[in-house]
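Mapping of the sequence shown onto the numbering used here: position 44 corresponds to residue 44, and the numbering continues sequentially without gaps.
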Amino acid sequence: MMMESEILEAVKKFGYLNQRIDPALDLFAEIEKLKKEKNAIILAHYYQDADIQDIADYRGDSLGLAQQAEKTTADLIVFAGVHFMAETAKLLNPNKKVVLPDLNAGCSLADSCPPEDFRKFKEAHPNHIVISYINCTAGIKALSDIICTSSNAIKIVESVPADQKIIFAPDKNLGAYIMKKTGRDMILWDGACMVHEIFSLEKIMKLKHQHPKAKVIAHPECEDPVLKQADFIGSTTALLNYTSHNPADEFIVVTESGIIHQMQLANPHKTFIPAPPENNCACNDCPHMKLNTLEKLYLCMKYEVPEVLIPEELAADALRPLKRMLEISASHGL
Ligand code: 13P
Ligand code: SF4
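Structural data, given as C-alpha cells:
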C-alpha cells in the first residue's frame, strides 16, 4: 500500500497515481471487488477505451451520464470520462466522493471558453440569456441560464420564448446546427472540439464513393460541410440507436471512434467504418478521453484519488442551470 503523503504527492505532480501494477493482476476482477467493497459505481462515456466501457456499470452520452449521476445511490462515483463530466457528477452529488482516473483528461471545447473572457462577452450582449453546452467548466455553467447536451439541445433552445435573445456557448458548430434546425438566431461563442473539427471532408467523400450503400452518421460537433454529407446527425446515443434500427449493413461513423465498440456489440454483423481525420491517422481518437486507462481506473478506485472538488459558492451557481436542463429534459421524456 502507498502512504497517504506519497499518494497526494503523486496526484499533485502527475494528476494521477503512477504506481506500478503487478502485470499478473486480473484488473477486471480487482475492479469488480472494489466496486462491492466501496459501494462504487463506474460511469463511462462512449469515447472511453473498450475495456473501460466493458467494466463500467453504465455507459452513455453526456446526458445519460448526468442523469445516472443524478440518481445514483453509490457512495463513490468513479467517472471514466473527461473533467467537465466528472465535475457535472460532483455538482449533482456534492456530498459524494467523485474520482476521475486522470485529472489531466480535459476537453479542448471546455478550454476554448475561459470564464473571465466569457463574462466580458456576456456583458457585451445584454438582454441575452445564456445556453451552454455541457462541455464547459463549472465556471461557465455558473454564468449560464440553461445547460444542454447534444441529445437535448434542440428541445432546450425551443423551450425558450421566441422573442428571447440567446447566447450559445462554447461550441460554434453545434450552435450553428441548432440555428439551422430551429430557425433561431443565436450569438455563438467561437469554440470547437479538436476531434470533431478535423474530420476530412475529402476522405469522407472518398469513403462514400467506395461504400455507396453505407449510411453516413455524424455528431453535430462536426463542421457544416461534413454534416452536409450525413444521412443522420445526432448525439453518440442517437447515433448508436440509429445503427441498430436502420436496416443498412454499413455505416461511416463521423465521431470519436470509441463509440464503434458499442455499435459493433449491438450489431455484430454490421460493418462500421471510422471516418478519418485530416492527419495521417485512420480513425479519430480524443486524446483527452484516452488518457484514462484500466490501470489508472483501478488505482483511482483503490486509493480514491484524484478527487474532483468544486468550491461551494461556484457549485451552487453552476448547479442551477444544470438542474434546469434535467427538468426540461424530463418534461420531454428525454
Ligand atoms: P455527447 O456525449 O453528447 O454525444 O457529446 C460527445 C462529446 O464530445 C463528449 O465530449
Ligand atoms: Fe472535448 Fe471533443 Fe474530446 Fe469531447 S471529443 S471531450 S468535446 S475534445
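Note that CB positions come from ideal geometry on N, CA and C, so glycine has one too.
Exposed or buried, which one is Pro94 when buried takes at least 16 other CB atoms within 10 Å? Within the sequence shown, the letter at position 94 stands for residue 94. Burial call: exposed.
Taking the alpha-carbon positions, what's the Asn104 to His288 distance? Your numbering for residue 104 matches position 104 in the sequence shown. Your numbering for residue 288 matches position 288 in the sequence shown. Rounded to whole angstroms, Asn104 to His288 spans 7 Å at the Cα level.
Whole angstroms is fine: what's the gap from Pro268's alpha carbon to Ile146's? As a working mapping, residue 268 is identified with position 268 in the sequence shown. As a working mapping, residue 146 is identified with position 146 in the sequence shown. A direct Cα-Cα distance of roughly 39 Å separates Pro268 from Ile146.
How about Ala110 and Leu43: are their beta carbons less than 8 Å apart? Translated into positions along the sequence shown, residue 110 becomes position 110. Translated into positions along the sequence shown, residue 43 becomes position 43. No, these two residues do not count as a Cβ contact at 8 Å.
Comparing C-alpha positions only, which one of Lys208, Tyr58, Leu91 sits nearest to Leu319? By one-based count along the sequence shown, residue 319 stands at place 319. Measuring from the Cα of Leu319, the nearest candidate turns out to be Leu91.
Per-residue DSSP class, three states only, for Gly60: The sequence position of residue 60 within the sequence shown is 60, counting from 1. Three-state DSSP puts Gly60 in a strand.
To the nearest angstrom, how far is the alpha carbon of Gln67 from that of Cys136? Along the sequence shown, one-based indexing puts residue 67 at 67. Along the sequence shown, one-based indexing puts residue 136 at 136. Straight-line Cα distance between these residues: approximately 17 Å.
What are the uninterrupted segments assigned as beta strand (DSSP E) that are 3 or more residues long and contained completely in the segment 192-245, given in chain order? Along the segment 192-245, the beta strand (DSSP E) occurs as fully enclosed runs of 3 or more residues at 215-218, listed in sequence order.
Where does the unbroken alpha helix (DSSP H) through Ala80 begin, and where does it stop? For the purposes of this step, residue 80 is identified with residue 80 of the sequence shown, where counting begins at 1. For Ala80, there is no enclosing alpha helix (DSSP H); the residue is part of the beta strand (DSSP E) that begins and ends at 76-80.
What are the start and end residues of the beta strand (DSSP E) that includes Ile41? One-based indexing of the sequence shown puts residue 41 at position 41. Here the beta strand (DSSP E) through Ile41 covers 40-45.
Give every residue whose Cβ lies closer than 5 Å to any heavy atom of the ligand SAM, listed in chain order. What this structure holds is the ligand 13P and the ligand SF4, not the ligand SAM.
Would Leu207 and Ile252 be called neighbours here (beta carbons separated by less than 8 Å)? By 1-based counting over the sequence shown, the position of residue 207 is 207. By 1-based counting over the sequence shown, the position of residue 252 is 252. The Cβ atoms of Leu207 and Ile252 lie closer than 8 Å to each other.
Express the C-alpha separation of Lys165 and His128 in angstroms, rounding to a whole number. What you label residue 128 is simply residue 128 of the sequence shown in a count that begins at 1. What you label residue 165 is simply residue 165 of the sequence shown in a count that begins at 1. Rounded to the nearest whole angstrom, the CA to CA distance from His128 to Lys165 is 5 Å.
Mind checking which residues open and close the alpha helix (DSSP H) that includes Leu265? Here the question's residue 265 lines up with position 265 in the sequence shown. Per DSSP, the continuous alpha helix (DSSP H) segment holding Leu265 begins and ends at 260-266.
Spatial neighbours of His261 within its chain, please: C-beta separation below 7 Å, excluding the five flanking residues on both sides. What you label residue 261 is simply residue 261 of the sequence shown in a count that begins at 1. Closer than 7 Å at Cβ, skipping near neighbours: Ala50, Gln53.
Can we count Glu256 as close to the ligand SF4, meaning its CB is less than 7 Å from some heavy atom? For the purposes of this step, residue 256 is identified with residue 256 of the sequence shown, where counting begins at 1. Flag set: Cβ of Glu256 near the ligand SF4.
Under 8 Å: do the segment 58-65 and the segment 294-311 share three or more Cβ pairs, one atom per stretch? Verdict: no, contact absent.
Buried or exposed (CB count within 10 angstroms, at least 16 for buried), Lys71: On the sequence shown, position 71 is the one that residue 71 refers to. Counting C-beta atoms within 10 angstroms of its own C-beta, Lys71 has fewer than 16 neighbours from the protein chains shown and is therefore classed as exposed.
State yes or no: is the C-beta of Ser150 within less than 8 Å of the C-beta of His219? Taking the sequence shown and counting its residues from 1, the one referred to as residue 150 is at position 150. Taking the sequence shown and counting its residues from 1, the one referred to as residue 219 is at position 219. Contact: yes.
Return helix, strand or coil for Ile156, following the three-state DSSP convention. On the sequence shown, residue 156 is found 156 positions in, with the first residue counted as 1. If DSSP states are grouped into helix, strand and coil, Ile156 belongs with the helices.
Looking at the structure shown, is His332 part of a helix, part of a strand, or coil, going by DSSP? In the sequence shown, residue 332 corresponds to position 332, counting from 1. Of the three classes helix, strand and coil, the one that applies to His332 here is coil, per DSSP.
Under the three-state DSSP convention, the category Gly282 falls into: Locating residue 282 in the sequence shown gives position 282, counting from the first residue. This sequence places Ala at residue 282; Gly is not what is there. Three-state DSSP puts Ala282 in coil, outside helix and strand.
Tell me whether the segment 5-19 and the segment 218-236 touch, counting them as touching only if at least three CB pairs, one residue from each stretch, are closer than 8 Å. No, because fewer than three Cβ pairs between the segment 5-19 and the segment 218-236 fall closer than 8 Å, the two stretches do not touch.
Return the residue from the list Met179, Ala162, Asp163 that minimises the CA-CA distance to Ala169. By 1-based counting over the sequence shown, the position of residue 169 is 169. The residue with the shortest Cα to Cα distance from Ala169 is Met179.
State the Cα-Cα distance for the pair His211 and Cys283, rounded to the nearest angstrom. Taking the first residue of the sequence shown as 1, we reach residue 211 at position 211. Taking the first residue of the sequence shown as 1, we reach residue 283 at position 283. Cα to Cα, the separation comes out at about 17 Å.
Val82 beta carbon near the ligand SF4 (any heavy atom closer than 7 Å): Walking along the sequence shown from the start, residue 82 turns up at place 82. Yes.
What first and last residue would you give for the beta strand (DSSP E) that runs through Met186? For this step, residue 186 is matched to residue 186 along the sequence shown. Its beta strand (DSSP E) spans residues 186-188.
Please confirm whether any heavy atom of the ligand SF4 lies closer than 7 Å to the CB of Ser132. Taking the sequence shown and counting its residues from 1, one reaches residue 132 at position 132. For Ser132, the distance from the CB to the nearest heavy atom of the ligand SF4 is not below 7 Å.
Cα separation between Pro247 and Phe14? Counting from one through the sequence shown, the residue named residue 247 turns up at place 247. Counting from one through the sequence shown, the residue named residue 14 turns up at place 14. A direct Cα-to-Cα measurement between Pro247 and Phe14 gives close to 47 Å.
In this structure, does DSSP put His128 in helix, strand or coil? Here residue 128 refers to the residue found at position 128 when the sequence shown is read from its first residue. It is a strand residue.
Can you grab the Cα-Cα spacing for the pair Leu201 / Glu223, in whole Å? Here residue 201 refers to the residue found at position 201 of the sequence shown. Here residue 223 refers to the residue found at position 223 of the sequence shown. Straight-line Cα distance between these residues: approximately 9 Å.
Less than 8 Å between the beta carbons of Glu256 and Tyr58, yes or no? As a first step, residue 256 is located in the sequence shown; it is residue number 256 there, counting from the start. As a first step, residue 58 is located in the sequence shown; it is residue number 58 there, counting from the start. No.
Excluding the 5 residues preceding and the 5 following Phe199 in the sequence, name in chain order all residues of the same chain whose CB lies nearer than 7 Å to its CB. The residue labelled residue 199 in the question sits at position 199 within the sequence shown. Taken in chain order, the residues that qualify are Cys222, Val226, Val254, Ala275, Pro277, Asn284.
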